[in-house]
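Visitor: Just so you know, the sequences run in chain order A and B. 89 is the number of the first residue of the first sequence in my numbering; add one for each residue after it. 39 is the number of the first residue of the second sequence in my numbering; add one for each residue after it. Below you will find the structure I want to go over with you.
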Amino acid sequence: MKRLIIFILLFLFTNILLSEESHNINLKEIENQYQQLIKADSIQRKEMLEKMDISIAISLLDFIRYNKIKENPENEILLNLYDHLANLKSIDLAQKRLNKLLIVIFLTILLFSIYVSFVLIKQNKIINELKNKYEVD
Amino acid sequence: MNSKPVLYLNILFVFLLIPINIMILVYPPVLLSQGQAHRIFYLHVPVAWVALYAPIIASVGGILYIFTKKRIFDIIINSSMKLTLLFSIGVVISGPLWASTEWGTYWNWKDSRLMSFFIMTIVVTTYFAVRNFTDESNKKAMYSAYMALLSMLASVFTWLSIRILTPDTHPEPLLHTLSPKIKLTFWLSVLVYHFFFISLFYLTYNHEKLIEIYHKIRHKEEV
C-alpha cells in the first residue's frame, strides 16, 4: 500500500514538473515567435502569419496584450477598444466573403445541374421519340 | 463507350464532387489575406484549367477531321466545345464574385488574365454561331474544325498570358508558398474536376452521337 501511494505521488509530481516545463517551453516559443515577427520585414511577417498555427496565434495575442498592459496599465482600455472595433470589422468582412463563397458554390452547382438535366431530358426525349416510332411501325 | 463499368465509373466521378466540396469548405486553413473567400480558389482554378484544356481536345479532333473527314471527330469537337463554354461560364461567374470582395470591383478591364480569358470565351461563343451558318453537315463540321483550332490558339494565348504577362490585379501563382493542407486540397480538387470533365464529356459525346443517329434516321425518312 505504501509503495502504491509513493508511486502515485511520484507520478503526480513528475506530471506537474513536466507540465511546468512544457509551459515554459511554450512561453519561450511564443517569445521567440514574437521577436522573429518584430524583426522580420513586412513580406516575411505576412508569410509567417499565414503559416502560423491558430493556437500559437491566440497565445501570441495574449502575450502581446499582457506585456503591453504590464508596460502601461492604461493600455488595457485602448487594447479593449481596438479589439472590439477590429472584431466588428473582421466579422463584417468574413460574412461578406462567406456570402460570396456560398453564392459561387450555389451558382456552380446550378450551372452544372442545369447542363446535365438539359442533356438528360433531351436525350430521353429523343429515345422516347425513336421508341414510339419503331413501336408504331 | 456504352459499357456498364464505364457508366458506373463516370457516375462515381460525379459523386466525387461531394467529398471534395466538403473538403474545400472544412479542411484547408483560412488564408489571412483572403479569409473564407479564398476557398473559391479551389473551385475557380480547376474549372479554369479544364476550360483551357477542352479546346485543345477539340483542336485535336479538328485536325483529325480536316485530314480524315470522319464524323466521329466532329462529334468530339462539338462535345469539347460545349464543355469549354460551360466551364468558361463557371470561371466567368466565380472570378468576379471573388474579385468583388478582394479588389472592390467585379471586373478589371486592364487585367491581362481576365481579358485573355474573356477573349477566349468570346471565341468559344463564336464557334456556336459559326457552326450554325450552314445546315450542310460536312460544311458545318469543317467550319467547326477551324473554329476549334482558333479556340485552341485563344486557350494557349490565355495560358501564356497567365505565365508571361504581369497581371494588373490578378494574384501571382502562389501555390508553392502555401501550407501542405492547402496544396493537398488544391491538387485533389484539380483531379476531381478533371474526372468530372471526363464524365461530362462521356455524357455529351453520347448525347451528340444520339442526335447524329436521330438526324440520319430523319434524313433517310425525308429522302
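Ideal placement from N, C-alpha and C gives every residue a C-beta, glycine not left out.
May I have the straight-line CA-CA distance separating H111(A) from Y170(A), to the nearest angstrom?
Guide: With a pLDDT of only 49 at H111(A), under 50, the local geometry of the prediction cannot be trusted, and no value is derived from it.
Visitor: Could you tell me which of E217(A), Q211(A), L218(A) sits nearest to Y243(B), measuring between CA atoms?
Guide: Of the candidates E217(A), Q211(A), L218(A), the one whose C-alpha sits nearest the C-alpha of Y243(B) is Q211(A).
Visitor: Using a cut-off of 8 Å between C-beta atoms, extract the partners of W136(B) located in chain A.
Guide: In chain order: K188, V192.
Visitor: From the beta carbon of Y252(B), is the nearest beta carbon of chain A less than 8 Å away?
Guide: Judged by the 8 Å Cβ criterion, Y252(B) is in contact with chain A.
Visitor: Looking at K219(A) and the ligand ADP, is the gap between the Cβ and the nearest heavy atom below 7 Å?
Guide: Absent from the structure shown: the ligand ADP. Ligands present: none.
Visitor: Within its chain, find whatever has a CB closer than 6 Å to the CB of E108(A); leave out the 5 residues flanking it on each side and keep chain order.
Guide: Below a pLDDT of 50, predicted positions are generally treated as unreliable, and E108(A), at 48, falls in that range; the measurement from the model is reported next regardless. No residues qualify anywhere along the chain.
Visitor: Would you list, in sequence order, the uninterrupted alpha helix (DSSP H) runs of no fewer than 4 residues that lie entirely inside the stretch 134–198 of chain B?
Guide: Within the stretch 134–198 of chain B, the complete alpha helix (DSSP H) runs of at least 4 residues are 150–169.
Visitor: By alpha-carbon positions, which one of S205(A), L189(A), F200(A) ends up nearest to Q72(B)?
Guide: Residue L189(A) is the option with its Cα nearest to Q72(B).
Visitor: Shortest alpha-carbon distance to R169(B) belongs to which of A186(B), Y103(B), T159(B), I157(B)?
Guide: Among A186(B), Y103(B), T159(B), I157(B), the Cα nearest to that of R169(B) is on A186(B).
Visitor: Give, in chain order, every residue of the stretch 219–242 of chain B whose Cβ lies closer than 7 Å to some Cβ of chain A.
Guide: Under the 7 Å Cβ criterion, the stretch 219–242 of chain B contributes L241, T242.
Visitor: What does the alpha-carbon distance come out to for the pair T159(B) and S189(B)?
Guide: Straight-line Cα distance between these residues: approximately 9 Å.
Visitor: Take K107(B) as the anchor and find which of L70(B), P218(B), Y181(B), V130(B) has the nearest alpha-carbon.
Guide: Among L70(B), P218(B), Y181(B), V130(B), the Cα nearest to that of K107(B) is on Y181(B).
Visitor: Please name the residue or residues paired with L47(B) in a DSSP beta bridge.
Guide: Answer by DSSP bridge pairing: none, since L47(B) is not bridged.
Visitor: Are there three or more Cβ pairs, one per stretch, closer than 8 Å when the stretch 83–90 of chain B is compared with the stretch 224–233 of chain B?
Guide: Result yes; three or more Cβ-Cβ pairs closer than 8 Å.
Visitor: Which residues in chain A sit within 8 Å of L248(B), going by Cβ to Cβ distance?
Guide: Per Cβ cutoff of 8 Å: Q211, I214, I215.
Visitor: Look up L241(B) in the DSSP assignment and say whether it is helix, strand or coil.
Guide: Helix, per DSSP.
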